[in-house]
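Note that the protein sequences, when read in sequence, are chains D and F.
According to this note's numbering, the first sequence holds residues 53 to 332 in order.
According to this note's numbering, the second sequence holds residues 699 to 1047 in order.
Just so you know, even glycine gets a beta-carbon here, dropped at the ideal spot from N, CA and C.
To keep things clear, I will list the structure first and then write my remarks on it.
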Amino acid sequence: MQTRFLRIALFLAAAAVPLVLILVPIGSFLLLSLFRAEKHQIIHDFTLINYVNFLGSWTYLGTFLGTLLLCLEVMALSLILGYPIAWFIWRQRGSRQYLLLLLAVVPLFMSYIVKLYTLRSMLGLNGLINQILLGIGIFQSPSRVLLFNQRAVLMTMAVIYLPFVILPIFLALERIPRSLLHASTDLGAGAWDTFRRVVLPLSLPGTIAGGLFAFVLALGDFITPQMVGGTTGFTIGRVIFSQFGLAYDWPFGAAMASILLATALAGIVAAGYAITRQRV
Amino acid sequence: MALELRNITKRYGAVQVLHPTSINVTNGEFLTLLGPSGSGKTTVLRLIGGFTDPSDGSIFFDGINMTRLPANRRPFNTVFQDYALFPHMTVAQNVSYGPLVQRRPPGAAGKLIDETLEIVGLSGLRARYPSQLSGGQKQRVALARAIVCEPKVILLDEPLAALDANLRRQMQLFLKQIQRRIRTTFVFVTHDQDEAITMSDRIVVMNHGRIEQQGSPRDLYYRPRTRFVANFFGDNNLLEGVLVEAQVVETALGRLPISSSHNTPTGRKVFLSIRPESLKLGQGPFSVTAEIEEVMFGGASTRLLLHAEAAPDIKLDMRLPGETRENAPKIGERVSLIYDPLDAVIVEE
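In structure tokens:
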């Protein structure tokens, strides 16, 4: 009797952790978004005014749609960069493969801020990229086009999220049985046909997962736009941040955060649907 | 001579997995490479298929050297052990993969695909995915996928290993019938002697990266030349002894005669090999007395395990056909055994 009680208590305690740490904050946010703020005071009566304000103002809605587009671009760019890297690592044999894989994920263990500063200095006026482009003669003089704009945000995010993209793609590639590649060759397919008809379709679930990671991470990121975005690299994350930190309109910030959450969830559901449609 | 392997060898670093080996396969032949794991049989298949390069030697097909030809340009197709069906493609898509990537004209290929699916009995399952198929059905798809490419040789890498015993027997018959119908050369790899004996025109027995013996199933069964081959096919009685005269072996059970021809010099240590079904109950000038240790009823025949009276540590294995109630042997009974000297062969170590 006592052990059974103990078991139930333990189960509740274990279930309480995710409940308290995840569901309760989200719930309180949703609740907060239904209140309104007046002169930095939160008025506790239910209203949809925050959502109406958001959808009614092109400043906010436009920024939101711009951010969505940016996130899709980040996703595309990080997949274009990440897939060949994952593929290359996958083609290596033995210890070299593990070494390369380790190098690919090492950035995950580094501080986010350090990575941002590194990229910022690389993209800057006297940065590595400028020097290279000057060296090969594409630029006549150092250029500022690489930093403090939307393009800089795109490039920085794509590079920073690369490990999150490489890893699931590599794992998907690794799951493809070698015999399938042999079978494809055996049936007369060249390397390109094998890649296009066997490798690519079978690695699609991992690729979708990697793309989803990049998309969701980009959606919630407000530090990168702040660090490298300058005045034009404005994203919805920065807007939400300013509602909490500067404007003290928490209900409006919470409403936008809720919309962002719904968007991320929609992305996850869409990706999940796309993955389950694959027969692997 | 269609397919010729000339002194091919394979080394991985210092490990020699295949010693110089030459095999000739004639057109339309069902050739089996038989051996335990690590015998080099799969290596031979992979070398023919082009999945590994030989360290030495060459592979010819119809007089053309194929040694350096990549796998996708060889006129051979493989049925893989795990079938290797593409999981994201339907049965029809799997089967049409070869013609598709070989850029064959779709019209003629389409007809061929339909015919092939018909031959292997899969016409009704065209739209299924591999995950929706049973083991035997997957096997048929893998075979159809190879056949549809109209290869000169079909290579089969232990294709029946994953099937249960009943299905395996069905598929053995099926493979044999298909092979007769399409008249394509089959090179079949297996470690299962029964499979090899029932299906092959010719068997190449391999062990430790070398050919032990090759010949027809009957040859290998009744005329083994090495102890390994004598032991590998079914049950056997091997009696250690010395060849004292051209037709007499001196064993622990006495001087036993043989009538088969051989060219082993006298005085050599040999094994006398007598199949269980060649041992009979009865009296004769060289009969052996033995005591029955175990009786195992097996339907069509009954298996007896005995030990010789003269040397109790020598075990004998025999089969009695069509047992009746009257003459049912009993454990502990003493019997006299004879054999036809024509059925006994000597093998060397």
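Amino acids of chain D, ordered along the chain, whose beta-carbon sits closer than 9 Å to that of His799 of chain F: The residue asked about is misnamed: residue 799 of chain F is Val in this sequence, not His. The CB of Val799 of chain F comes closer than 9 Å to the CB of Ser236, Leu239, Gly240, Ala241, Gly242, Asp245, Thr246 and Arg249 in chain D, given here in chain order.
Do you know offhand how far Pro229 of chain D's Cα is from Trp142 of chain D's? Rounded to whole angstroms, Pro229 of chain D and Trp142 of chain D show a C-alpha spacing of 12 Å.
Compute the Euclidean distance between the alpha carbons of Pro849 of chain F and Asn775 of chain F, then round it to the nearest angstrom. Cα to Cα, Pro849 of chain F sits roughly 6 Å from Asn775 of chain F.
Could you tell me whether the Cβ of Pro229 of chain D comes closer than 8 Å to any Cβ of chain F? At least one chain F Cβ lies under 8 Å of Pro229 of chain D.
In the DSSP assignment, find the beta strand (DSSP E) that holds Thr1000 of chain F and state where it starts and stops. It spans Ser999 to Ala1006 - the beta strand (DSSP E) in which Thr1000 of chain F sits, taken as one unbroken run.
Can you tell which of F:Thr750, F:Gly996, F:Leu854 and F:Leu861 has the C-alpha that lies nearest to the C-alpha of Val777 of chain F? Selected option, being the one with the closest Cα: F:Leu854.
Whole-angstrom distance between Arg88 of chain D and Asp97 of chain D, CA atom to CA atom: Approximately 7 Å, taken between the alpha carbons.
Looking at the structure shown, is Ala944 of chain F part of a helix, part of a strand, or coil, going by DSSP? Ala944 of chain F carries a coil assignment under DSSP once its states are collapsed to helix, strand and coil.
Smallest Cα separation from Met994 of chain F: which of F:Ile1012, F:Ala1026 and F:Gly736? Nearest in C-alpha terms to Met994 of chain F, of all of F:Ile1012, F:Ala1026 and F:Gly736, is F:Ala1026.
Return the first residue and the last residue of the alpha helix (DSSP H) that Ser255 of chain D is part of. For Ser255 of chain D, the enclosing alpha helix (DSSP H) stretches over residues Leu252 to Gly272.
If you draw a straight line from the alpha carbon of Ser794 of chain F to that of Met787 of chain F, how long is it in whole angstroms? The alpha-carbon atoms of Ser794 of chain F and Met787 of chain F are separated by roughly 10 Å.
Starting from Leu970 of chain F, follow the beta strand (DSSP E) in both directions and report where the run begins and ends. Lys967 to Ile972 is the extent of the beta strand (DSSP E) around Leu970 of chain F.
Of all the residues that make up the segment 248 to 276 of chain D, which are near chain F by a beta-carbon distance shorter than 9 Å? Residues Arg249, Val250, Pro253, Leu254 and Leu256.
DSSP-derived helix/strand/coil call for Ser821 of chain F: Ser821 of chain F falls in the helix class under three-state DSSP.
State buried or exposed for Gln144 of chain D, treating a residue as buried only when at least 16 other CB atoms are found within 10 Å of its CB. With fewer than 16 other CB atoms across the displayed protein chains lying within 10 angstroms of its CB, Gln144 of chain D is exposed.
Phe728 of chain F and Asp899 of chain F look like a contact to me (Cβ under 8 Å); what is the Cβ gap, rounded to whole Å? Confirmed, about 5 Å.
Going by Cα to Cα distance, which pick from D:Thr328, D:Ala322 and D:Leu313 is closest to Leu75 of chain D? Looking at the Cα atoms, D:Leu313 is the closest of the given residues.
How would you call Pro136 of chain D, buried or exposed, if buried means at least 16 neighbouring beta carbons within 10 angstroms? Classification for Pro136 of chain D: exposed.
Taking the CB atoms as reference points, tell me whether Ile700 of chain F and Thr883 of chain F lie closer together than 8 Å. The question names Ile, but residue 700 of chain F in the sequence shown is Ala. Against a cut-off of 8 Å, the Cβ pair of Thr883 of chain F and Ala700 of chain F comes out as a contact.
Express the C-alpha separation of Leu180 of chain D and Met174 of chain D in angstroms, rounding to a whole number. Distance between the alpha carbons of Met174 of chain D and Leu180 of chain D is about 5 Å.
List the endpoints of the continuous alpha helix (DSSP H) containing Val72 of chain D. From DSSP, Val72 of chain D is part of no alpha helix (DSSP H); its letter is neither H nor E.
Beta-bridge pairing of Pro1019 of chain F - partner residues as DSSP gives them: In the DSSP output, where bridge partners are listed per residue, Pro1019 of chain F has F:Ser999.
For Leu823 of chain F, I'd like the list of residues in its chain whose CB is within less than 6 Å of its CB, leaving aside the five on either flank, ordered along the chain. Excluding residues within five positions, the ones whose Cβ falls inside 6 Å are Val789.
Using a Cβ-Cβ cutoff of less than 7 Å, which residues in the same chain neighbour Lys836 of chain F once the five nearest sequence positions on both sides are dropped? Same-chain partners within the cutoff: Tyr781, Leu783 and Pro828.
State the Cα-Cα distance for the pair Tyr169 of chain D and Thr315 of chain D, rounded to the nearest angstrom. A straight-line Cα-Cα distance of about 29 Å links Tyr169 of chain D and Thr315 of chain D.
Residue interval of the alpha helix (DSSP H) (run including Gly324 of chain D): Run containing Gly324 of chain D: Trp302 to Arg329, per the alpha helix (DSSP H) assignment.
Starting from Phe140 of chain D, trace the alpha helix (DSSP H) in both directions and tell me its first and last residue. Residues Trp110 to Arg143.
Chain F beta carbons: is any one of them nearer than 8 Å to that of Leu48 of chain D? Residue 48 of chain D lies beyond the range of chain D shown here (53 to 332); nothing can be said about it.
Could you say which of F:Ser720, F:Leu798 and F:Leu858 lies nearest to Ala894 of chain F if we only look at CA atoms? Comparing Cα positions, the closest option is F:Leu858.
In chain order, what residues of the same chain have a beta carbon less than 7 Å from the beta carbon of Ile260 of chain D, not counting five sequence neighbours either side? Leaving aside the five residues that flank Ile260 of chain D on each side, the residues in its chain whose CB is nearer than 7 Å to its CB run, in chain order, Ala323, Ala326 and Ile327.
Please confirm if the segment 896 to 911 of chain F is in contact with the segment 921 to 938 of chain F, defined as three or more CB-CB distances below 8 Å between the two stretches. The segment 896 to 911 of chain F vs the segment 921 to 938 of chain F: in contact.
Residue environment, Leu107 of chain D, which counts as buried when at least 16 other CB atoms sit within 10 Å: By the C-beta density criterion, Leu107 of chain D is exposed, having fewer than 16 other C-beta atoms within 10 angstroms.
For Thr284 of chain D, count neighbouring Cβ atoms within 10 angstroms of its own Cβ and tell me buried if that reaches 16, exposed if not. Counting Cβ neighbours within 10 Å, Thr284 of chain D comes out exposed, since fewer than 16 surround it.
Evaluate Phe286 of chain D with the Cβ neighbour count: other Cβ atoms within 10 Å of its Cβ, from every protein chain shown; 16 or more gives buried, anything less gives exposed. Buried, because 16 or more other Cβ atoms sit within 10 Å of the Cβ of Phe286 of chain D.
Considering only the beta carbon of each residue, do Gly913 of chain F and Met869 of chain F sit closer than 8 Å? Contact flag unset, no.
Please identify the residue among F:Leu1018, F:Gln877 and F:Ser957 whose C-alpha is closest to the C-alpha of Thr814 of chain F. Answer by Cα proximity: F:Gln877.
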